[in-house]
Amino acid sequence: MNDEIELAPHVSEIKRTLSNVDESSILKELGMLVLEYGIPLGEAKLSIIRKHKESALEIDGLRRIADLRSGDHDVSVKGKITFAAMRLIMIRGEEKKLCSGFMADDSSEVPFTAFCEFDASAGDSISAYGAHVRLWMGEPELVFSESASIHKLEGDLFPSVKVKPRDLTKELREFCSGDRSVNLICKIISLSEDAVERRGVSGTIFKGVVADRTAKLPMTVWSDSFEFCPGDVIQIDNAYVHEWHGMPTINVGEYSDVSLVDDPSVLPGGSVVKLEYMSIGDVERRGSAFDVLVDGDLTSIKKGSGLIKRCPECGRVMRRGTCKLHGSVSGSNDLRVKAVVDDGTGALNLVIGSELTKYICGDVLNDLDLDNDAVEERIRSRLMGMPVRVRGNVSRADFGNIMVASDIQTMKKGAE
Amino acid sequence: MSYREVARRVFAYEFNNTTMQCGGGNDTCRTEGSHVSRNLRSRNKSPTFFATPTGAVCNRLFAVGVLTEVDRVKSDLEFWRARVVDPTGVFVCYAGQYQPEAVKFMLEVKTPCFAAVAGKMRVHRSDEGTVYSSLRIEGINDVSEPVRDRWVLRTAEHTRERIKCMQTALGLGGSKEDMIKALIGMGYDADTVEGVPLAVEHYQVNEEYLDSMLEMVENAKITADSSIEGSYEPRYSRIEVLGIVGELQSTGVDPSHRSIMERAVQKGLNELVVEDALSELLEEGDCYEPSNGLYRLVE
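Quick mapping for you: the protein sequence lines, in order, are chains A and B. Under our numbering, the letters of the first sequence match residues 2 to 417, in that order. Under our numbering, the letters of the second sequence match residues 19 to 317, in that order.
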């Protein structure tokens with residue numbers, strides 16, 4: 002009796018894949034394999050699915066790839082892998098091996114990601130059960146989660162599907178979060194080691210900035226050794242792009258290949274992007290931008306500028322002495338300006354940190370016994386309407402794009 | 019995702035000759051990719067826009083001029099009026115009880131002075147058919163003369179760019195959609211193009227009219243002293259890095275690239291910014307490099 006209860010969830014899981022087989026016979030088979038023969042549960046489940054899959058397919062019917070829609074689940078498909086690349090990602094501090102690529106049948110091609118065991122490569126024909134379809138970067142993507150099963154098939158079942166080499170090389174400006182298996186040639190601008198904790202073990206990774214002729218982007222190398230230095234031109238194959246703090250970040254993982262490019266003229270255009278003024282309209286159209294310069298006017302100094310208290314635990318701005326996460330804590334003082342910078346082609350929310358605020362507001366904030374309102378008023382009367390040239394990163398947020406200033410200059414306030 | 023309405027740059031002459039409302043539930047201006055179309059889509063809101071004679075589609079404006087007068091609107095004592103004058107005319111601006119900061123500024127300000135104002139555009143048609151443009155103030159502040167001069171030069175640039183686009187459009191003819199398609203094909207962005215066919219039709223724009231607008235722009239520029247570069251404060255990074263080199267030098271530490279970078283990063287500066295500041299200091303002769311990777315102040 003106890004055994005039945007223990008097996009029940011697995012039976013219903015198998016049942017989801019094999020809808021034509023009734024549960025009692027699944028239970029009987031599973032019980033036999035696990036209890037009598039002592040086969041590990043996972044292997045036993047796969048064996049039952051394998052045994053029944055052909056008949057299951059006849060009932061469920063195969064889905065044509067062209068008919069896949071996001072939201073579909075328990076999908077069975079047959080197709081040919083046209084591209085596959087492995088990558089290692091971090092999910093909640095755990096490393097996870099994934100395979101992403103494309104598969105096609107006679108009707109169409111679809112991107113896929115496998116979270117389960119996957120040993121097929123480009124050119125192989127496979128059949129898969131228990132997959133689902135999600136929306137990925139606006140397109141349907143086939144997902145093989147851990148409960149899905151994939152079988153390599155003998156021979157070429159889709160001779161009409163040709164496996165062509167793909168040009169996955171992109172320039173940095175075209176990179177967006179979610180890109181994977183991309184290749185790039187770039188120059189390392191800066192690089193430093195960073196301590197991280199992975200699976201509870203502390204280790205190191207490398208963080209840096211890379212550039213080509215179109216843009217600069219941050220890069221993270223998930224490895225404790227990286228034998229390149231700033232100034233090197235490198236080719237990275239099979240990198241993936243992940244959004245980090247609203248900014249696309251190039252990730253170089255265990256399955257990425259990095260090689261030194263001896264001839265720097267291989268870098269398209271020969272040189273890297275120069276820091277030049279960019280119109281805010283262009284920044285907005287791009288959505289996020291790393292290390293750019295804009296020249297505009299402060300058309301609004303927002304409420305919440307001036308003295309603020311930050312939670313000592315998480316650094317969040319506190320309201321009325323409470324942190325959203327940590328409740329009532331005694332916060333530490335900070336100073337900032339929240340403004341809008343606008344150049345007539347676009348507008349960005351601008352955040353100016355305490356050191357830069359002190360610099361551009363200068364003497365007007367030197368009065369020690371100013372209260373919050375007085376500080377906000379002085380900031381407004383110093384900065385409202387003033388031209389500014391700001392350098393910084395622009396990230397995408399739900400309530401508009403935010404630029405965080407890393408450097409700033411403004412006009413003198415007085416007529417002198 | 020919401021976008022903030024851009025504050026357009028328009029001279030007072032053009033502002034006061036604006037009679038065309040679009041948006042506000044009226045679908046006349048919706049060019050794919052423009053601010054107007056993104057806002058209509060993302061917020062399901064239909065803010066009011068006005069198309070100016072050179073085709074700027076504005077909801078919000080930013081202007082800098084001379085604040086000549088501040089007075090109370092007689093019929094409504096809670097309402098204040100300010101006149102901000104640029105080289106081509108006047109922006110009549112209003113602020114009421116919902117703009118307490120603007121009202122406070124108006125109560126304290128001594129006229130005349132240079133002032134910057136950001137606000138929402140309004141166009142009011144009187145019973146006799148006369149059209150009045152005004153700004154509802156969102157922010158107002160006193161500024162210096164170079165700030166005004168810079169605004170005049172920028173506004174001249176923006177206006178000329180719109181006129182250039184209009185001149186191109188006049189040569190094209192065809193339907194509204196064809197015109198927009200052709201202009202975008204020539205590399206104009208959606209925001210610039212959007213108001214063009216509307217303005218061409220509504221204001222009956224022809225070559226002559228555009229020439230007179232160009233003349234207005236040229237005359238406006240005469241007022242502006244174009245050497246505004248010297249009115250900028252130095253960049254933050256430049257002052258900070260210079261300070262760090264001096265500080266290290268005076269405490270007997272060699273201001274090497276490494277020690278400067280360490281100190282700067284400690285102070286919250288970004289590495290890329292420090293790198294550029296250092297090469298700028300060398301280039302402009304504030305620092306020199308006695309040996310590779312070592313910096314010294316030029317006394």
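The beta-carbon is built from N, C-alpha and C at its ideal position, and this holds for glycine as well.
Contacts around residue i, its chain only, beta-carbon distance under 7 Å, and the 5 residues preceding and following it disregarded
i, result
"E233 of chain B", "none"
"G303 of chain B", "V316"
"R141 of chain A", "Residue 141 of chain A is actually Pro in this sequence, not Arg. So the list reads L69, R70, S71, V111 and V134, once near-sequence residues are dropped."
"R174 of chain A", "T215 and A216"
"L42 of chain A", "H11 and V35"
"I12 of chain B", "Coverage of chain B is limited to positions 19 through 317, which leaves residue 12 of chain B absent and any answer about it impossible."
Residues of its chain near residue i, where Cβ-Cβ distance is below 6 Å and the 5 sequence neighbours each way are ignored
i, result
"D73 of chain A", "V134"
"D238 of chain A", "N184 and D258"
"E301 of chain B", "none"
"M197 of chain B", "A187, L190 and P215"
"V365 of chain A", "R379 and R383"
"A9 of chain A", "none"
"A120 of chain B", "A113, I155 and I158"
"L351 of chain A", "A340, V342 and M404"
"G282 of chain A", "T346 and G347"
Those residues which DSSP pairs with residue i across a bridge
i, result
"A115 of chain A", "A:C100 and A:F145"
"I194 of chain A", "Residue identity check: residue 194 of chain A is Glu in the sequence provided, not Ile. Answer by DSSP bridge pairing, in chain order: A:F207."
"E140 of chain A", "A:W137"
"F84 of chain A", "A:F103"
"H243 of chain A", "A:T250"
"M38 of chain B", "B:A69"
"T323 of chain A", "A:R320 and A:S329"
"G107 of chain B", "B:D104"
"E87 of chain B", "B:R101"
"P219 of chain A", "A:V210"
"L294 of chain A", "A:Y278 and A:R392"
"N334 of chain A", "A:K310"
"I40 of chain A", "Paired residue(s): none; I40 of chain A is not in a bridge."
Residue burial classification, residue i (beta-carbon count within 10 angstroms, cutoff 16)
i, result
"W245 of chain A", "exposed"
"F400 of chain A", "exposed"
"E194 of chain A", "exposed"
"D298 of chain A", "buried"
"V214 of chain B", "buried"
"D160 of chain B", "buried"
"S77 of chain A", "buried"
"A121 of chain A", "buried"
"G203 of chain B", "exposed"
"N252 of chain A", "buried"
"M33 of chain A", "exposed"
"M138 of chain A", "exposed"
"K92 of chain B", "exposed"
"D209 of chain B", "buried"
"Y278 of chain A", "exposed"
"T170 of chain A", "exposed"
"D167 of chain B", "buried"
"G204 of chain A", "exposed"
"L254 of chain A", "According to the sequence as given, residue 254 of chain A is Gly; it is not Leu. Label assigned to G254 of chain A: buried."
"T106 of chain B", "buried"
"P388 of chain A", "buried"
Cut-off 8 Å between Cβ atoms - residues of its own chain near residue i, not counting five sequence neighbours on either side
i, result
"K29 of chain A", "none"
"P269 of chain A", "E172, I186, D213 and R214"
"L188 of chain B", "V218, V223, N224, E225 and L228"
"M231 of chain B", "E32, P71, T72, T177 and I181"
"C111 of chain B", "R99, A100, R101, V102, V135, G137, S152, L153, R154, I155 and I158"
"I60 of chain A", "At I60 of chain A, the pLDDT of 45 sits below 50, so the modelled position is not reliable; the number obtained from the coordinates is stated separately. Closer than 8 Å at the Cβ level, and outside the excluded window around I60 of chain A, lie S20 and N21."
**Study point:** Segment contact, 8 Å Cβ cut-off, at least three pairs: the segment 316 to 327 of chain A with the segment 372 to 392 of chain A
**Key:** no
Review point. Enumerated in chain order, which unbroken segments of the beta strand (DSSP E) with a length of 3 residues or greater are wholly contained in the segment 137 to 221 of chain B?
Key: 149 to 160
Review point. Is it a yes or a no for the segment 103 to 118 of chain A touching the segment 155 to 164 of chain A, going by three-plus beta-carbon pairs under 8 Å?
Key: yes
Check your understanding: Would you say the segment 400 to 416 of chain A touches the segment 27 to 36 of chain B, given that touching needs at least three Cβ pairs under 8 Å?
Key -> no
Point to revise | Contained beta strand (DSSP E) runs [length at least 3] in the segment 386 to 411 of chain A, N- to C-terminal order | key: 388 to 396 and 403 to 411
Check your understanding: Where are the alpha helix (DSSP H) runs, 4 residues long or more, that stay fully inside the segment 354 to 383 of chain A, in chain order?
Key -> 355 to 362
Practice item. Could you say if the segment 141 to 154 of chain A and the segment 206 to 225 of chain A meet the contact criterion of at least three C-beta pairs nearer than 8 Å? Key: no
Point to revise | At least 3 beta-carbon pairs within less than 8 Å: the segment 162 to 179 of chain B vs the segment 128 to 135 of chain B | key: yes
Review point. Touching or not, the segment 300 to 309 of chain A and the segment 370 to 380 of chain A, by the rule of three or more beta carbon pairs under 8 Å?
Key: yes
Check your understanding: Between the segment 88 to 107 of chain B and the segment 116 to 126 of chain B, do three or more beta carbon pairs fall short of 8 Å?
Key -> yes
Check your understanding: Touch check for the segment 279 to 295 of chain A and the segment 324 to 338 of chain A: three-plus C-beta pairs under 8 Å?
Key -> no
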